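Just so you know, the sequence shown maps onto residues 671 to 995 in this note's numbering. Glycine residues also receive a C-beta, built at the ideal position from the N, C-alpha and C atoms. No experiment lies behind these values; they were computed from the predicted model shown. Each remark here refers to the structure printed beneath this line.
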Amino acid sequence: MEKILNRRSFLRIAGISMGAAALYQFAPRLAVSPAIADSMREPNGEAPTPFRFAQLSDAHVGFKGPPDPLGTKAFEHAVELLNATSHPPELVLFTGDLTHDADDRDEHARRMRKFKEIAVRLKTSKLYFVPGEHDAGLDGGQLYREFFGESSYSFDYRGVHFVALDNVSRAKPEVGADRREWLRGDLARFSPATPIVVFTHRPLFDLKPEWEWFTSDGPEVMKVLAPFENVTVLYGHIHRRDVHKDGNANHYAARSMIFSFPDPQTAPAKKPMPFDNGDPFRNLGLRMIDEGAGGALSVDDVELNVREFAGRSGIQQIIKAGVLA
Numbered sequence: 671m672e673k674i675l676n677r678r679s680f681l682r683i684a685g686i687s688m689g690a691a692a693l694y695q696f697a698p699r700l701a702v703s704p705a706i707a708d709s710m711r712e713p714n715g716e717a718p719t720p721f722r723f724a725q726l727s728d729a730h731v732g733f734k735g736p737p738d739p740l741g742t743k744a745f746e747h748a749v750e751l752l753n754a755t756s757h758p759p760e761l762v763l764f765t766g767d768l769t770h771d772a773d774d775r776d777e778h779a780r781r782m783r784k785f786k787e788i789a790v791r792l793k794t795s796k797l798y799f800v801p802g803e804h805d806a807g808l809d810g811g812q813l814y815r816e817f818f819g820e821s822s823y824s825f826d827y828r829g830v831h832f833v834a835l836d837n838v839s840r841a842k843p844e845v846g847a848d849r850r851e852w853l854r855g856d857l858a859r860f861s862p863a864t865p866i867v868v869f870t871h872r873p874l875f876d877l878k879p880e881w882e883w884f885t886s887d888g889p890e891v892m893k894v895l896a897p898f899e900n901v902t903v904l905y906g907h908i909h910r911r912d913v914h915k916d917g918n919a920n921h922y923a924a925r926s927m928i929f930s931f932p933d934p935q936t937a938p939a940k941k942p943m944p945f946d947n948g949d950p951f952r953n954l955g956l957r958m959i960d961e962g963a964g965g966a967l968s969v970d971d972v973e974l975n976v977r978e979f980a981g982r983s984g985i986q987q988i989i990k991a992g993v994l995a
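Shown next as structure tokens:
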């Protein structure tokens, strides 16, 4: 068991994280006063209501060779598993490195088309994207914008404010003063009680700077977010799961859909985990959430194995009754 979350927390992480994806559920606070409830409404009058969304990251479509010879197989199976859940996510957020970069522009465009062909199979009403350095680092995001639109933007959904934040297209790990100012203006109309979800590619804190697991102006970004009481930051880039608490902000990394990196606390170097022919989906797993006694939520990480990808219903095999209720 990873941790216990109090049910009164606004962010309720529920469902699955498959090394390929994380499925979250938002649930409004319980037993709040009318005044607090009013303060949590969006400027358009919409109050937070429960819903689910998923995060996928680092598909690296176009990557070939070691340490993973399977190409898009994990990505495609992630789509199948999300589609097989009894309550599919209403939103799916992709946190960068949708493709592996290519010096040839036409080849990179082909990879972006292939990514979109797989992504649109998802049974969800909304798909949102933010670039990784492999999508936008070589050309400042020009090709990415042609396929996916603006690299930084925001939207409201059921009382939650979502912000896509580009921290890769300046050819270095930073958001930049112009986007920080845009973020400040974007958030100005919201009260401190408004739930904020930021999805980006690189971590906004110094997780492992010597491995380039950081954003140089991440602390300045977090200062802009500091006045808000419920901040969730979703990111990718590190090719492994991670949970980090920073003041009012909770940071969650989704695992990769191509290969994994080792634990930065114990590994001597940033070297991809080797491919295992006997266990080809090693380090891809499910994040299981179960509601326990007293309204507490237990969070368990369950690793997938080859059986789930051999024609059986992986979701039904390992999810206990009621977990995805």
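Checklist entry - When every heavy atom of the ligand COA is checked, does at least one fall within less than 7 Å of the C-beta of TYR798? => result This structure simply doesn't include the ligand COA, nor any ligand for that matter.
Item to check | the stretch 791-805 touching the stretch 755-768, judged by at least three CB pairs closer than 8 Å | outcome: With the cut-off at 8 Å, the stretch 791-805 and the stretch 755-768 touch.
Next on the checklist: Let me check understanding here. Comparing Cα to Cα, which of HIS909, ASN900, SER727 lies closest to GLY917?
Outcome noted: By one-based count along the sequence shown, residue 917 stands at place 247. The candidate whose alpha carbon is nearest that of GLY917 is ASN900.
Checklist entry - What does DSSP give as the partner residues of PHE825 in its beta bridges? => result Within the sequence shown, the letter at position 155 stands for residue 825. Answer is PHE832, bridged to PHE825.
Checklist entry - How many whole angstroms separate the CB atoms of ASP767 and HIS831, which I take to be in contact at a CB cut-off of 8 Å? => result Indexing the sequence shown from 1 puts residue 767 at position 97. Indexing the sequence shown from 1 puts residue 831 at position 161. So it is not a contact: roughly 25 Å between Cβ atoms.
Checklist entry - Anyone know if the C-beta pair for VAL913 and PHE869 falls short of 8 Å? => result For the purposes of this step, residue 913 is taken as residue 243 along the sequence shown, with counting starting at 1. For the purposes of this step, residue 869 is taken as residue 199 along the sequence shown, with counting starting at 1. Not closer than 8 Å, so no.
Checklist entry - Would DSSP call GLN725 helix, strand or coil? => result Indexing the sequence shown from 1 puts residue 725 at position 55. In the three-state reduction of the DSSP assignment, GLN725 falls in the strand class.
Next on the checklist: Report the CB separation of LEU857 from PRO934 in whole angstroms; it is logged as a contact under 8 Å.
Outcome noted: Within the sequence shown, residue 857 is the residue found at index 187, counting from 1. Within the sequence shown, residue 934 is the residue found at index 264, counting from 1. Not quite, the Cβ-Cβ distance comes to about 31 Å (not below 8 Å), so this is no contact.
Next on the checklist: Rounded to whole angstroms, what is the Cα-Cα separation between LEU797 and ALA834?
Outcome noted: By 1-based counting over the sequence shown, the position of residue 797 is 127. By 1-based counting over the sequence shown, the position of residue 834 is 164. Each residue's alpha carbon lies about 12 Å from the other.
Checklist entry - Around the Cβ of ALA937, are there at least 16 other Cβ atoms within 10 angstroms (buried) or fewer (exposed)? => result Taking the sequence shown and counting its residues from 1, one reaches residue 937 at position 267. Exposed is the call here.
Checklist entry - Where does LYS915 sit, in a helix, a strand or coil, going by DSSP? => result Numbered from its first residue, the sequence shown carries residue 915 at position 245. In the three-state scheme derived from DSSP, where H, G and I count as helix and E and B as strand, LYS915 is classed as strand.
Checklist entry - ASN753 by DSSP, collapsed to three states: which one? => result Mapped onto the sequence shown, residue 753 falls at position 83. Note: ASN753 maps to helix in three-state DSSP.
Checklist entry - Secondary structure at VAL845, three-state DSSP: helix, strand or coil? => result The residue given as residue 845 occupies position 175 in the sequence shown. Three-state result, VAL845: coil.
Checklist entry - Taking VAL894 as the reference, which of VAL845, PRO932, ARG910 has the closest Cα? => result Mapped onto the sequence shown, residue 894 falls at position 224. Ranking the options by Cα distance to VAL894, first place goes to VAL845.
Checklist entry - Where ASP774 and ALA847 are concerned, what is the direct C-alpha to C-alpha distance, given to the nearest angstrom? => result Translated into the one-based positions of the sequence shown, residue 774 becomes position 104. Translated into the one-based positions of the sequence shown, residue 847 becomes position 177. Using only the alpha carbons, I get a separation of about 31 Å.
Checklist entry - When you compare each of ASP836, LYS940, ASP826 to TYR814 by their alpha carbons, which one comes out closest? => result The residue given as residue 814 occupies position 144 in the sequence shown. Nearest neighbour of TYR814 by Cα position, chosen from ASP836, LYS940, ASP826, turns out to be ASP836.
Next on the checklist: Using a Cβ-Cβ cutoff of less than 6 Å, which residues in the same chain neighbour HIS921 once the five nearest sequence positions on both sides are dropped?
Outcome noted: As a working note, residue 921 is residue 251 in the sequence shown. Cβ neighbours of HIS921 beyond the five flanking positions: VAL903, HIS914.
Checklist entry - Just the Cα atoms here: how many angstroms apart are ARG911 and LYS940? => result For this step, residue 911 is matched to residue 241 along the sequence shown. For this step, residue 940 is matched to residue 270 along the sequence shown. Counting only the Cα atoms, LYS940 lies some 15 Å from ARG911.
Checklist entry - Looking at C-alpha atoms only, which residue of ILE788, GLY802, PRO889, VAL891 is the closest neighbour of SER727? => result For the purposes of this step, residue 727 is identified with residue 57 of the sequence shown, where counting begins at 1. Closest by alpha carbon: GLY802.
Checklist entry - By the 10 Å Cβ neighbour count, where 16 or more other Cβ atoms means buried, how is GLY855 classified, buried or exposed? => result The residue you call residue 855 lines up with position 185 of the sequence shown. Exposed, since its Cβ has fewer than 16 Cβ neighbours within 10 Å.
Item to check | Given MET782 as reference, the closest of PHE733, VAL867, PHE817 once Cα atoms are compared | outcome: One-based indexing of the sequence shown puts residue 782 at position 112. For the options PHE733, VAL867, PHE817, the alpha carbon positioned closest to that of MET782 is the one of PHE817.
Next on the checklist: For a quick check, are the C-beta atoms of TRP883 and PRO873 less than 8 Å apart?
Outcome noted: Position 213 of the sequence shown, counting from 1, holds the residue named residue 883. Position 203 of the sequence shown, counting from 1, holds the residue named residue 873. PRO873 sits close to TRP883, with the two beta carbons spaced by under 8 Å.
Checklist entry - Mapping DSSP to helix, strand and coil, what is GLN695? => result For the purposes of this step, residue 695 is taken as residue 25 along the sequence shown, with counting starting at 1. Here GLN695 carries a strand assignment [DSSP, helix/strand/coil].
Next on the checklist: Using only the alpha-carbon positions, how far apart do SER824 and MET943 sit?
Outcome noted: Numbered from 1 along the sequence shown, position 154 holds the residue referred to as residue 824. Numbered from 1 along the sequence shown, position 273 holds the residue referred to as residue 943. Answer to the nearest angstrom: the Cα atoms are 35 Å apart.
Next on the checklist: Just to confirm, is the Cβ distance from PHE723 to LEU763 under 8 Å?
Outcome noted: Indexing the sequence shown from 1 puts residue 723 at position 53. Indexing the sequence shown from 1 puts residue 763 at position 93. Against a cut-off of 8 Å, the Cβ pair of LEU763 and PHE723 comes out as a contact.
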